[in-house]
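Enquirer: Provided herewith is a single structure, encoded as structure tokens, for subsequent inquiry.
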Amino acid sequence: MGEVVATIKLMPESPEVDLAQIKEKVSQSIPEGTELHKIEEEPIAFGLVALNVIVVVDDGEGGTEKAEEIFGQIDDVASVEVVDIRRLM
Numbered sequence: 001m002g003e004v005v006a007t008i009k010l011m012p013e014s015p016e017v018d019l020a021q022i023k024e025k026v027s028q029s030i031p032e033g034t035e036l037h038k039i040e041e042e043p044i045a046f047g048l049v050a051l052n053v054i055v056v057v058d059d060g061e062g063g064t065e066k067a068e069e070i071f072g073q074i075d076d077v078a079s080v081e082v083v084d085i086r087r088l089m
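Okay, here's the thing in structure tokens:
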């Protein structure tokens, strides 16, 4: 079984949300079997900035589900969506 790189987009509830606090909570809540690669900011519109959390997970059933579930429980995160998955060679 190989590994994949997944980009998970976290959309904050409003432009006033403290992104540094969300980044810290993401870093602290990475589930077992998931490796945090980096967190990038993506401007959306009207001051709203999404966070793209890039993780490495095993290429198996339910690879990103645990991370998605945990990230969705973080305060001030309105939505969680996997936007890209690529196989590591």
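Here the sequence shown stands for residues 1 to 89, where the numbers follow the UniProt record's numbering.
The beta carbon of each residue, even a glycine, is placed where N, CA and C say it ideally should be.
Considering only C-alpha positions, which residue in the set Asp84, Arg87, Ala78 is nearest to Ile22?
Expert: Cα-wise, what sits closest to Ile22 is Ala78.
Enquirer: At the level of alpha carbons, what is the spacing between Ala6 and Gly72?
Expert: Cα to Cα, Ala6 sits roughly 16 Å from Gly72.
Enquirer: Hey, quick one: how far does the alpha helix (DSSP H) through Leu19 stretch, first residue to last?
Expert: From DSSP, the alpha helix (DSSP H) with Leu19 extends over 19 to 28.
Enquirer: Report buried or exposed for Pro43, applying the criterion of at least 16 other Cβ atoms within 10 angstroms of its Cβ.
Expert: It counts as exposed.
Enquirer: Strictly by DSSP, which residues pair up with Leu48?
Expert: DSSP output for Leu48 lists Ala45 as bridge partner(s).
Enquirer: Going by DSSP, which residues form a beta bridge with Val53?
Expert: Ile8, Ile39, per the DSSP bridge assignment.
Enquirer: Can the beta-carbon of Gln26 be found closer than 8 Å to that of Ile85?
Expert: The sequence given here places Val at residue 26; Gln does not occur at that position. Cβ distance not < 8 Å, so Val26 and Ile85 don't count as in contact.
Enquirer: Between the C-alpha atoms of Leu88 and Glu13, what's the straight-line distance to the nearest angstrom?
Expert: Straight-line Cα distance between these residues: approximately 32 Å.
Enquirer: Could you give the first and the last residue of the continuous beta strand (DSSP E) run that contains Glu81?
Expert: Its beta strand (DSSP E) spans residues 77 to 87.
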